[in-house]
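Engineer:
There are 2 protein chains.
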Amino acid sequence: MKNATATSLPSRDAPVSDATLRVFVGYHMKRAFNVIQADLSRTLAPFDLRMLTYTALVLIVDNPGLRQSQLAAAMDMERPNLVVLLDELEARALITRDRVPTDRRAYALRATLAGTQLCKQAVSAVTSHEERLLDGIDKDARAALIATLRRIETGHAKEESA
Amino acid sequence: MKNATATSLPSRDAPVSDATLRVFVGYHMKRAFNVIQADLSRTLAPFDLRMLTYTALVLIVDNPGLRQSQLAAAMDMERPNLVVLLDELEARALITRDRVPTDRRAYALRATLAGTQLCKQAVSAVTSHEERLLDGIDKDARAALIATLRRIETGHAKEESA
DNA sequence: TATTGTTATACTCTATAACTATA
DNA sequence: TATAGTTATAGAGTATAACAATA
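Just so you know, the protein sequences line up as chains A and B, in that order. Each residue of the first sequence is one higher than the last, beginning at 1 in this note's numbering. Each residue of the second sequence is one higher than the last, beginning at 1001 in this note's numbering.
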């Protein structure tokens, strides 16, 4: 909390002090995520995908037969919000919702051929765009970043292992 | 992209493979941010603050006389969205909007005594909550995390300096 | 009773265009 | 004409309650 010279108004181009926020991880996390998210949106636009539809598609391709509740859990979102998202992918014939014979309440999610192909292209585009966005951040720092993020995600952070 | 055994449906509790996403930084960034954001919301609730109102308040306390457009730039958001946010802080008498004599279009933002005090308490709460959330992640890893996040935020990533 | 997917709904955050009053 | 703040509006993303079909 800077004891700023409260008498003088900052000029129009005065830099804003973020002294207090500089140690606030959430602040940096949000800003960094915004940058990545913006790049991701541009990258996925040609495929008519957003981060959420992309993530869902990748998870379905990687886990054929997945149920909606499992996907919702994997994506850390509520079941209702997944419905419209899957409606969109299904309407575009990228995935199918197949009735599960052994449990007629559930749907098994599968990617169509078109979905699998689109996914492959999108993954490739995202990978190379992210590669470019993270240029200058070396392998070690990148691995450390992901490792730390995963520890935060997964509840903790309090575990010993990297 | 795992070549999963497409024949067998995953059982209800089967773990979902995120093989493809595991290397996708945006995915981890989002999930880690969600965890931090959830903790932050709980932490700020007693103060009747959210991440955005908290961030604005801190920046105003640290930069008395700040103008709305500067604050919007500092918070990486559009000017219109700041208005309601500041309305809220002003209605609670945590900040004031003072006319700038030299430019009667602009407002100089200042925290009131109440705003400054609330800010101080909130910062303290956030700091200790974050400390607890990031337990187990040692000083070096935490510093590395923030350093890497800042490089991503600030455009790049392509710069050499830490 | 509990669970799967669904509908409806509401709230937050975000983005854009257009207005006003000043410069 | 350009800028500061504002209004109105629309779009995402997210969260909850309640329902039908099924277990």
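Here a beta-carbon is modelled for each residue, glycine too, at the ideal position from N, C-alpha and C. On a predicted model such as this, the values are computed, not experimentally measured, just so you know.
1) Using a cut-off of 9 Å between C-beta atoms, extract the partners of LEU145 (chain A) located in chain B.
2) With VAL58 (chain A) as the anchor, note down where its alpha helix (DSSP H) starts and where it stops.
3) In the DSSP output, what is THR96 (chain A) paired with across the bridge?
4) Given HIS1129 (chain B), which residues of its chain have a CB within under 7 Å of its CB, disregarding the five upstream and five downstream residues?
5) Going by other Cβ atoms of all chains shown within 10 Å of its Cβ, with 16 needed for buried, is PRO80 (chain A) buried or exposed?
6) Buried or exposed: PRO64 (chain A), going by 16 or more other Cβ atoms within 10 Å of its Cβ?
7) Grouping DSSP H, G and I as helix and E and B as strand, with all else coil, what is LEU66 (chain A)?
8) Would you kindly work out how many angstroms separate the C-alpha atoms of LYS30 (chain A) and ARG22 (chain A), rounded to a whole number?
9) Grab the span of the alpha helix (DSSP H) containing ALA1091 (chain B) for me, first residue to last.
10) Give the secondary structure of GLU1131 (chain B) by DSSP, where H, G and I count as helix, E and B as strand, and everything else as coil.
11) When the distance is taken between beta carbons, is ILE1095 (chain B) closer than 8 Å to ILE1060 (chain B)?
12) Are HIS1028 (chain B) and ILE137 (chain A) closer than 8 Å when you measure CB to CB?
13) Just to make sure I have the definition right: I need the residues of chain A whose C-beta is within less than 9 Å of the C-beta of ILE1095 (chain B). Which are they?
Structural biologist: Judging by the given coordinates:
1) VAL1025, HIS1028, MET1029, ALA1144, LEU1145, THR1148, LEU1149, ILE1152
2) 51-62
3) A:ARG110
4) ASP1039, THR1043
5) exposed
6) buried
7) Three-state DSSP puts LEU66 (chain A) in a strand.
8) 13 Å
9) Where ALA1091 (chain B) is concerned, the enclosing alpha helix (DSSP H) stretches over 1079-1091.
10) helix
11) yes
12) no
13) Those within 9 Å of ILE1095 (chain B) in chain A number zero; the least Cβ separation is about 14 Å.
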